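Participant:
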Amino acid sequence: MNQNLYLFDKDSLSKLNWNEIEQGTFLQNYFTPFMQKGTKTFINNVQTELQLLQVGSLVLPITINQKEYENSYVVSPYTHYISYAKEELRNLKKYWLSLLLQPPLSGLDYYLRACHFNQVVIVNNWLVSTNLYPTLTTQQVESITSFLTTKFPNHAILFRSVNEHYPNGQVEIFLNHHYLAIPSRQVYFYDPAQQSNLNSKTRWLLNRDKKLLEQSDYRVIEATEIPEKNLPRLIELYNLLYLKKYSLYNPQFQLSYLIHAIQEKFLHVYALQKNEQIDGMIGFFIQNQSMTTPFFGYDIHLSQKLGLYRMLSSLLVQKAHEHQLLLHQSSGAASFKRCRGAYPALEYTMAYVEHLPKFQQQAWRGLSRILQKLAVPLLRKYKL
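Okay, so the sequence shown: first residue is 6 according to the numbering used here, each after it adds one.
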């Protein structure tokens, strides 16, 4: 079952025959610096051990963690399910509700730490908010699970960013192999192939956003047109939106990451420039006929009347049409996305814990039940 699976760390990486691998040159050039220099060289709040898992002609990045409770959620389920919740409590305007929820959350925090909740291996982890997947077969999932539980008998085996929609049937494959489906968030997809099915109001909104961009004073420029001295501005715009406005638990990309991601053509970067000043940007990557945008930002200090978010969103839709790719729009701004033709899908962290001690299994199963019963109905009812 495991004869075609191999695991490579930074010391054994030279033994990997890249000629046998799909997109071998790209994967070698992209991941080697992360492994040799360490992930914190590129992403400030990601401390993890990165290894590469060969599954036949596929290579999947995996991250290995023990505790590291201050990590970004991209490598830490504790941060995703506990630290974020604590942050939301601090931001609640209803003080009484915060006081009410604080004790049970603190209890859950202590319990999950005691159950080694952050001792995980995450498969196909690209260290960004959304991992896009190749179409994995049931045999591949079975082999990966068997191989990794043997290699890491004390770690939960996770697959982040697995959703109900694409690739079709992936959730069922994991469930059939005894993975737990732990709700993560509700995400949105825009499919250019469905354009003819959009209603008139939706088409009108999309055209209005497109005209806003076309008639603005902004010029759309590609990464090749951005001097390296101006790249810190792109990091600044991402930080303004994702770190300052949203959460410090989002990946804290360093300039070295952006330079590397552009150079190796992992990120396709476009920016809105006016009078030599960049005020907004997008950076998307492509996998298996789909695209998503882990690098996105604009100057939140400028007037909303400018419509920077609308223009950037329109640019993404245009790129999806240009390349005929399914656009994974992540979560947030649900009403905005729905009105423009996007449709929802629940996203899960799929967790395999069958090989772990019972007390650890109970922690994962309990969290899954709580979120399935409480979070999922709210996400669907309020169309979040």
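A virtual CB, placed ideally from N, CA and C, is assigned to each residue, including glycine.
No experiment lies behind these values; they were computed from the predicted model shown.
How far does the alpha helix (DSSP H) with alanine 380 in it reach, from first residue to last?
Facilitator: Position 375 of the sequence shown, counting from 1, holds the residue named residue 380. No alpha helix (DSSP H) contains alanine 380, which DSSP labels as neither H nor E.
Participant: Roughly how many angstroms separate the alpha carbons of leucine 110 and leucine 102, rounded to a whole number?
Facilitator: Counting from 1 along the sequence shown, the entry for residue 110 is found at position 105. Counting from 1 along the sequence shown, the entry for residue 102 is found at position 97. Cα-Cα distance, rounded: 12 angstroms.
Participant: For the beta strand (DSSP E) containing tyrosine 357, name the first residue and the last one.
Facilitator: Against the sequence shown, residue 357 aligns to sequence position 352. Tyrosine 357 -> beta strand (DSSP E) spans 348-357.
Participant: Can you tell me whether DSSP reads threonine 53 as helix, strand or coil?
Facilitator: On the sequence shown, residue 53 is found 48 positions in, with the first residue counted as 1. Note: threonine 53 maps to coil in three-state DSSP.
Participant: Using alpha carbons as the reference points, say which of Pro139, Gln329, Ala266 lies closest to asparagine 129.
Facilitator: As a first step, residue 129 must be located in the sequence shown, where it is residue number 124. Nearest of Pro139, Gln329, Ala266 to asparagine 129, Cα basis: Pro139.
Participant: Quick one: complete alpha helix (DSSP H) runs, 4+ long, within the segment 221-264?
Facilitator: 236-243
Participant: Less than 8 angstroms between the CB atoms is what I'm expecting for phenylalanine 36 and proline 82, so what's the real figure, rounded?
Facilitator: Numbered from its first residue, the sequence shown carries residue 36 at position 31. Numbered from its first residue, the sequence shown carries residue 82 at position 77. That belief does not hold up - the Cβ atoms of phenylalanine 36 and proline 82 are roughly 22 angstroms apart, past 8 angstroms.
Participant: Let's test the definition: count the other Cβ atoms within 10 Å of the Cβ of glutamine 309 and tell me whether it reaches 16, buried, or not, exposed.
Facilitator: Walking along the sequence shown from the start, residue 309 turns up at place 304. Counting Cβ neighbours within 10 Å, glutamine 309 comes out exposed, since fewer than 16 surround it.
Participant: Can the beta-carbon of phenylalanine 271 be found closer than 8 angstroms to that of phenylalanine 290?
Facilitator: Locating residue 271 in the sequence shown gives position 266, where the first residue counts as 1. Locating residue 290 in the sequence shown gives position 285, where the first residue counts as 1. Going by C-beta atoms, phenylalanine 271 is nearer than 8 angstroms to phenylalanine 290.
Participant: Phenylalanine 364 by DSSP, collapsed to three states: which one?
Facilitator: In the sequence shown, residue 364 corresponds to position 359, counting from 1. Phenylalanine 364 falls in the helix class under three-state DSSP.
Participant: DSSP three-state label for histidine 306, please.
Facilitator: Taking the sequence shown and counting its residues from 1, one reaches residue 306 at position 301. Looking at histidine 306 - three-state DSSP - the assignment turns out to be coil, as it is neither helix nor strand.
Participant: Considering only the beta carbon of each residue, do arginine 315 and leucine 185 sit closer than 8 angstroms?
Facilitator: If you number the sequence shown from 1, residue 315 lands on position 310. If you number the sequence shown from 1, residue 185 lands on position 180. No, they are not a contact pair.
Participant: Quick check on DSSP: helix, strand or coil for lysine 386?
Facilitator: For the purposes of this step, residue 386 is taken as the residue at position 381 of the sequence shown. DSSP places lysine 386 in helix when its eight states are reduced to three.
Participant: Just the C-alpha distance for leucine 239 and isoleucine 87, rounded to the nearest angstrom, thanks.
Facilitator: Your numbering for residue 239 matches position 234 in the sequence shown. Your numbering for residue 87 matches position 82 in the sequence shown. Rounded to whole angstroms, leucine 239 to isoleucine 87 spans 30 angstroms at the Cα level.
Participant: Looking at glutamate 93: is its Cβ nearer than 8 angstroms to the Cβ of leucine 351?
Facilitator: Within the sequence shown, numbered from 1, the residue matching residue 93 stands at position 88. Within the sequence shown, numbered from 1, the residue matching residue 351 stands at position 346. No; because the gap between Cβ atoms is not below 8 angstroms, this pair is not in contact.
Participant: To the nearest whole angstrom, what separates the beta carbons of tyrosine 4 and valine 176, a pair I think is in contact under 8 angstroms?
Facilitator: Residue 4 lies beyond the range of the chain shown here (6 to 389); nothing can be said about it.
Participant: Only counting the same chain, and skipping five residues up and downstream in sequence, which positions put a Cβ closer than 6 angstroms to that of valine 358?
Facilitator: As a working mapping, residue 358 is identified with position 353 in the sequence shown. Closer than 6 angstroms at Cβ, skipping near neighbours: Ala161, Gln366, Trp369.
Participant: What's the call for histidine 333, buried or exposed, on a 16-neighbour Cβ count within 10 Å?
Facilitator: Counting from 1 along the sequence shown, the entry for residue 333 is found at position 328. When all chains shown are included, histidine 333 counts as buried.
Participant: Restricting to Cα atoms, I'd like to know which of Gln191, Leu141, Gln220 is closest to glutamine 409.
Facilitator: No statement about residue 409 is possible, as the shown extent of the chain runs from 6 to 389 and does not include it.
Participant: Taking just the CA atoms, how far does lysine 363 sit from glutamine 144?
Facilitator: In the sequence shown, counting from the first residue as 1, residue 144 sits at position 139. In the sequence shown, counting from the first residue as 1, residue 363 sits at position 358. Cα to Cα, glutamine 144 sits roughly 27 angstroms from lysine 363.
Participant: Between the C-alpha atoms of leucine 384 and arginine 374, what's the straight-line distance to the nearest angstrom?
Facilitator: Position 379 of the sequence shown, counted from the start, is the residue given in the question as residue 384. Position 369 of the sequence shown, counted from the start, is the residue given in the question as residue 374. The C-alpha of arginine 374 is placed about 15 angstroms away from the C-alpha of leucine 384.
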